[in-house]
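Q:
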Amino acid sequence: MASLRYQATSDGGRLAFHHTEGAGPGVLFCSGFNSTMQGTKATFLESFCRQQGWQYTRFDYRGHGESSGEFSHCDISQWRDDALNILDNVCAGPQIVVGSSMGGWIATLLAQARTNRVAGLMTIAAAPDFTEELIWHALTPDEQQALSEGELWQMPNHYDDGEPYAVRMSLILSGRAHLLLDKSIGIDCPVRLLHGTADVEVPWSLSSRLLDKLCSTDARLTLVKAADHRFSAPEQLTLITNTLSELHTLVS
10 MASLRYQATS DGGRLAFHHT EGAGPGVLFC SGFNSTMQGT KATFLESFCR QQGWQYTRFD
70 YRGHGESSGE FSHCDISQWR DDALNILDNV CAGPQIVVGS SMGGWIATLL AQARTNRVAG
130 LMTIAAAPDF TEELIWHALT PDEQQALSEG ELWQMPNHYD DGEPYAVRMS LILSGRAHLL
190 LDKSIGIDCP VRLLHGTADV EVPWSLSSRL LDKLCSTDAR LTLVKAADHR FSAPEQLTLI
250 TNTLSELHTL VS
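The sequence shown begins at 10 in my numbering and counts up one residue at a time.
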């Protein structure tokens, strides 16, 4: 395993990351909402890329894992900037950016912002615009008003210890600055999207809508029957590595 290192942020904080040197194009993994670089897919892909001799990078956003910051005070803009920070200052050369859940949103924003660096894009159970589609739209008018007036909303947590996530209006507002599903997405690189039909946290329709908005003519969505949001069963991990290998060969 690559040693734990840190990258400075503009606000004086630091981002924790693991970087494995290797051949390009490299692979950059973006984790999900309140997920860390110690997750199953992040570490599984590190082992796989090392076996292939490929460069690989995984990191924690601010407010996550080993990075600085308080989760409830962070937002989509900051997490996008964190991913850009790692891409610009840690990763070398062209990258295939892989994003899981919220990381699929972040990865797509990276591909938009760094068309000269992102050679390929792969998403797993992507959750683009989830702050609007899955949080704001699910709130009652009273809950929306309370959030707008500065109250915290306790978002249910189906993982880990089940402790709810504290959500602030700043998360919703920052999400609105980066919405993808209401416009064409100017990405021309090859894109591969994976999603399970049994995903109850993030419906596969979000990946379908993301596919529709992509300008890339080489974009595919693969739906996996009975796969849930974790998308981490052995056969699903195999599909992830097979898809990544195909993408790597295509853009090398």
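We treat Cβ as the ideally placed atom computed from N, Cα and C, and that holds for glycine.
1) Just checking my contact of Ala32 with Arg23 at CB under 8 Å: how many whole Å lie between their CB atoms?
2) Less than 7 Å separating the beta-carbons of Gly112 and Gly41?
3) Determine the DSSP secondary structure at Phe42, reduced to helix, strand or coil.
4) Using 7 Å as the threshold, is the C-beta distance between Val127 and Cys83 below it?
5) Since Tyr65 sits in a beta bridge, which residues does DSSP pair it with?
6) Is there contact here, the stretch 59-72 with the stretch 137-155, by at least three beta-carbon pairs under 8 Å?
7) Between the Cα of Ile115 and those of Gln61, Leu203 and Gly184, spot the shortest distance and give me the residue it belongs to.
8) What does the alpha-carbon distance come out to for the pair Leu148 and Gln61?
9) Using only the alpha-carbon positions, how far apart do Ser77 and Phe26 sit?
10) Unbroken beta strand (DSSP E) runs of length 3 or more, entirely within the stretch 214-241: which are they?
11) Using only the alpha-carbon positions, how far apart do Ser254 and Gln163 sit?
12) Excluding the 5 residues flanking Thr117 on each side, which residues of the same chain have their C-beta closer than 8 Å to its C-beta?
13) Pop quiz: Leu223 and Val200 are said to be a contact at Cβ under 8 Å. What is the actual Cβ separation, rounded to whole angstroms?
14) Expressed to the nearest angstrom, what Euclidean distance is found between the alpha-carbon atoms of His73 and Asp221?
15) Please work out which residues of its chain come closer than 6 Å, Cβ to Cβ, to Asp314, disregarding the five sequence neighbours upstream and downstream, and give them in chain order.
16) Flag this pair as touching only if the stretch 236-245 and the stretch 149-156 have three or more C-beta atom pairs under 8 Å; answer yes or no.
17) Just to confirm the assignment, what range does the alpha helix (DSSP H) spanning Val274 have?
18) Start and end of the alpha helix (DSSP H) containing Ser86?
19) CB-CB under 6 Å to Cys100, same chain, minus the five flanking residues each way: which ones, in chain order?
20) If you follow the alpha helix (DSSP H) that Ser114 is part of, which residue opens it and which one closes it?
21) Taking a contact to mean a Cβ-Cβ separation below 7 Å, would you say Leu259 touches Phe53 in this structure?
A: The answer reads as follows:
1) Start at 1 with the first residue of the sequence shown, and residue 32 comes out as number 23. Start at 1 with the first residue of the sequence shown, and residue 23 comes out as number 14. About 28 Å; that fails the 8 Å criterion.
2) Stepping through the sequence shown from its first residue, residue 112 is reached at position 103. Stepping through the sequence shown from its first residue, residue 41 is reached at position 32. Between Gly112 and Gly41, the C-beta spacing is below 7 Å.
3) Position 33 of the sequence shown holds residue 42. DSSP places Phe42 in coil when its eight states are reduced to three.
4) Start at 1 with the first residue of the sequence shown, and residue 127 comes out as number 118. Start at 1 with the first residue of the sequence shown, and residue 83 comes out as number 74. Taking 7 Å as the Cβ cut-off, Val127 and Cys83 do not qualify as a contacting pair.
5) Sequence index remark: in the sequence shown, residue 65 carries index 56 (1-based). Listed as beta-bridge partners of Tyr65 by DSSP are Thr29 and Val36.
6) no
7) Locating residue 115 in the sequence shown gives position 106, counting from the first residue. Ranking Gln61, Leu203 and Gly184 by Cα distance to Ile115 puts Gly184 first.
8) As a position in the sequence shown, residue 148 is number 139, starting the count at 1. As a position in the sequence shown, residue 61 is number 52, starting the count at 1. Approximately 45 Å between the Cα atoms of the pair.
9) The sequence position of residue 77 within the sequence shown is 68, counting from 1. The sequence position of residue 26 within the sequence shown is 17, counting from 1. Their Cα atoms are separated by approximately 12 Å.
10) 228-233
11) For this step, residue 254 is matched to residue 245 along the sequence shown. For this step, residue 163 is matched to residue 154 along the sequence shown. Cα to Cα, Ser254 sits roughly 39 Å from Gln163.
12) As a first step, residue 117 is located in the sequence shown; it is residue number 108 there, counting from the start. Excluding residues up to 5 positions away in sequence, Gly108, Leu130, Thr132, Ala135, Pro137, Leu189, Ile194, Ile196 and Leu219 lie with their Cβ nearer than 8 Å to the Cβ of Thr117 in the same chain.
13) In the sequence shown, residue 223 corresponds to position 214, counting from 1. In the sequence shown, residue 200 corresponds to position 191, counting from 1. Right, the Cβ-Cβ distance comes to about 6 Å (below 8 Å), so this counts as a contact.
14) As a first step, residue 73 must be located in the sequence shown, where it is residue number 64. As a first step, residue 221 must be located in the sequence shown, where it is residue number 212. Those two C-alpha atoms are separated by around 31 Å.
15) Lying outside 10 to 261, the shown extent of the chain, residue 314 is not represented and no answer is given.
16) no
17) In the structure displayed, the chain extends from 10 to 261; residue 274 sits before or after that span and is not available.
18) Taking the sequence shown and counting its residues from 1, the one referred to as residue 86 is at position 77. Segment Ile85 to Asn98, the alpha helix (DSSP H) holding Ser86.
19) Here residue 100 refers to the residue found at position 91 when the sequence shown is read from its first residue. The residues are Gly35, Leu37 and Thr66.
20) Position 105 of the sequence shown holds residue 114. Strictly speaking, residue 114 in this sequence is Trp, with Ser absent from that position. Segment Met111 to Ala122, the alpha helix (DSSP H) holding Trp114.
21) Here residue 259 is taken as the residue at index 250 of the sequence shown, counted from 1. Here residue 53 is taken as the residue at index 44 of the sequence shown, counted from 1. Going by C-beta atoms, Leu259 is not nearer than 7 Å to Phe53.
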